[in-house]
Structure formats: C-alpha cells, structure tokens
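**Student:** Just so we're aligned: the sequence shown equals residues 3 to 275 in the numbering used here. Virtual Cβ for every residue (Gly too), placed ideally from N, Cα, C.
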Amino acid sequence: MKANDNVSQKLKKLKQDSQTILSVMKEANQLFQDQFHKGFQTKYKAVDDPVTILDLLIDEFLKRKLLSLFPHCGWLSEETKDDIKRLEKKQVFIVDPIDGTRELILGLPEYAISVALVEDNYPVIGVVLNPATGEIYHAIKGFGAFLNSKPITTRAQSVGKPIIIVSRSDEKKGRFEFLKNKVKILPVGSSAYKLSRLAKGDADAALTFHPMHEWDIAAGLLIAEEAGAIVTSVDGKCFTFNRSINTKIDSFLAVTKEREKEIKQLLYYKTKN
3 MKANDNVSQK LKKLKQDSQT ILSVMKEANQ LFQDQFHKGF QTKYKAVDDP
53 VTILDLLIDE FLKRKLLSLF PHCGWLSEET KDDIKRLEKK QVFIVDPIDG
103 TRELILGLPE YAISVALVED NYPVIGVVLN PATGEIYHAI KGFGAFLNSK
153 PITTRAQSVG KPIIIVSRSD EKKGRFEFLK NKVKILPVGS SAYKLSRLAK
203 GDADAALTFH PMHEWDIAAG LLIAEEAGAI VTSVDGKCFT FNRSINTKID
253 SFLAVTKERE KEIKQLLYYK TKN
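1) Taking only three categories from DSSP, how would you classify residue 185?
2) Can you check the region 4-66 for any alpha helix (DSSP H) of at least 4 residues that lies completely inside it and give the ranges in chain order?
3) Take the Cβ of residue 3 as the centre, count every other Cβ of all protein chains shown within 10 Å, and call the residue buried at 16 or more, exposed below.
4) Buried or exposed: where does residue 46 fall if 16 or more other Cβ atoms within 10 Å of its Cβ makes it buried?
5) Can you tell which of 136, 143 and 159 has the C-alpha that lies nearest to the C-alpha of residue 149?
6) Would you say residue 65 faces chain D, with C-beta separation under 8 angstroms as the test?
7) Please name the residue or residues paired with residue 123 in a DSSP beta bridge.
8) Taking C-beta to C-beta, are residue 217 and residue 100 nearer than 8 angstroms?
9) Rounded to whole angstroms, what is the Cα-Cα separation between residue 106 and residue 56?
10) Can you list, in chain order, the residues of its chain whose CB lies under 6 angstroms from that of residue 43, leaving out five sequence neighbours each side?
11) Mark residue 208 as exposed unless 16 or more other C-beta atoms lie within 10 angstroms of its C-beta, in which case mark it buried.
12) Is the region 248-255 in contact with the region 121-139, if contact means three or more CB pairs nearer than 8 angstroms?
13) Which residue from 49, 83, 52 and 53 puts its Cα closest to that of residue 65?
14) Could you give the distance in angstroms between the alpha-carbon of residue 74 and the alpha-carbon of residue 68?
15) Quick check on residue 90: does DSSP put it in helix, strand or coil?
16) Please determine if the region 222-231 and the region 178-189 are in contact, where contact requires at least 3 C-beta pairs separated by less than 8 angstroms.
17) Give every residue of the same chain whose Cβ lies closer than 6 angstroms to the Cβ of residue 6, excluding the five residues on either side of it in the sequence, and list them in chain order.
18) In the DSSP assignment, find the unbroken beta strand (DSSP E) run with residue 110 in it and report its ends.
19) Which complete beta strand (DSSP E) runs does the region 198-257 hold, if anything under 3 residues is left out?
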C-alpha cells in the first residue's frame, strides 16, 4: 500500500510540474511571437549551423524562468555553455530553444521549442511547442501524451504502404532511395516535431539517420513513447540522457507497435550495409 501511495504522490507531483512547465512554454511562445513579427537576425556558429536571435532569446528566457521555479534542477541546452554540475543533479532540464532553426529561417512551419525534464537519465516530462501552428504537445511518464491538452495515441493498424516521417536534410541527400516504392516518405524538419507528429497519428514511423544531440529528441521521445510508439536508435539501442561528455545520438527510429516488424525488416538491409 505504501509503495502505491509513493507512486501516486510522484505522479501527482509530475502532473503539477508539467502544468508549471506548460505555463512557462506559453510565455516563451508569446516572447517568440513578439520578436518574430519584429524580424530576426541569423548568424552561423559553424558551417551549416545557423542560430537566430530567437534561439538565444528563448534559451535565456527558459533558463531564467525554469531554474527560478525549479532551483534544484540542472541545465543542458543547445545554446548554453555546458555546466557539468548538471551531472550531480537528480533532475535536469534538457532544452532546445528552437529545434529546426533551418526551417524557421526558410519559413517552413516545422520547428519547435522543446523542453524535457529528465530524472535519473530519462525524461519524465516532455513539452514540444510549435510556434508556427500553435500545437502544444506534452507527455508525463506513465500518464500519457497530449496535444493541446487532449489525449493522443499513435495510429491504429494502417493499411497500404507505411508512412515514414524522415529528416528533410536526409531526404534531400537521397538517403531514403532504398525505400522508394516501399513506403510513403514525409519529410519534416525538427526532430522533436517529427516525434510529436508520429505521436498524434500522422505516420507509422519517424526516422533519422544523421547524428543529433540529446536536446533534439528528449521531449519528443517521451511524447512518442507515451502515445504508444517504440523509440530506439536505428540499430535498436535504448537511449539514456544527461550523459557526461558526449551528448550526441547517432540516429533514431520511432515506430508504432502495429508496424514495427514490417518497418524494421525494410530497414534491415540499410543498417547491415
């Protein structure tokens, strides 16, 4: 009985924390909208690695606001210099202030603000907000996934060719030619948004072959899993988060349980060659 009480109290606390984080995300979205309509500048951290004033503005706001509300938490973000003190924390925010900066610059509505609260190396709360569409996805570990506060689940058994959401950059490089005529390809920019689109039933799988970082998928992964998807690397490895040095992830495959076997068979040749 006591164990059940502990689980119930923990879930209650996660629900409360998720509502607090959602409120902060809505504030961040308003900040985004105000600056977006004023216009924004772009610079490059490295070749083909753009950053805008929006990335930096949202990052600074989220860090200041979330850590004031959750002072016990660590912080890992794409736009903040890494502080390894996060490794000493039980809970850590893993944040991408704008996941899909290239799409933002190009005017494609496929970018998102992504925030995950990670506990003991795995997300327990995930929020993905698309400022262009107004979609707010969130998930609580053990309690399900939601779009604009309404429960969502992955697709039920679909018929015909499976639909796979893929990296827009991977698709342009021809990395999915081996799947031609076998599946329907749906290119989408942000990794967090890919996983969220899968969670609401837009496809049977989401797939990226190129390396990324923890902040790209931490929130979206939980949303997809809580909606019913199975999420691993392409070669089947499970993820851990808030790692010590290398925050890179080499790939991901998120797939519905109904079409997992079929899609993994289609990918088998690619992963073995």
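**Tutor:** Quick answer:
1) Residue 185 falls in the coil class under three-state DSSP.
2) Taking 4 residues as the minimum length, the alpha helix (DSSP H) runs contained wholly in the region 4-66 are 4-40, in order along the chain.
3) With a pLDDT of only 46 at residue 3, under the threshold of 50, the placement of this residue in the model should not be trusted; the figure read from the coordinates follows. Residue 3 comes out exposed.
4) Residue 46 comes out exposed.
5) The option with the nearest alpha carbon to residue 149 is 136.
6) In the displayed structure, chain D is absent; only one protein chain is listed.
7) According to DSSP, residue pairing for residue 123 in a beta bridge does not occur.
8) Result no, Cβ atoms of residue 217 and residue 100 do not sit closer than 8 angstroms.
9) In a straight line, the C-alpha of residue 106 is about 10 angstroms away from that of residue 56.
10) Contacts found: 55.
11) Buried, because 16 or more other Cβ atoms sit within 10 Å of the Cβ of residue 208.
12) The region 248-255 vs the region 121-139: no contact.
13) Taking only the C-alpha atoms, the option nearest residue 65 is 83.
14) Annotation: residue 74 to residue 68 spans about 10 angstroms, alpha carbon to alpha carbon.
15) Residue state, collapsed to three classes: helix.
16) No, they do not touch.
17) Excluding its 5 nearest sequence neighbours in each direction, residue 6 has no C-beta neighbour in its own chain below 6 angstroms.
18) Unbroken run through residue 110: none, as it is neither H nor E.
19) Taking only runs of at least 3 residues, the beta strand (DSSP E) segments lying wholly in the region 198-257 are 207-210 and 231-234.
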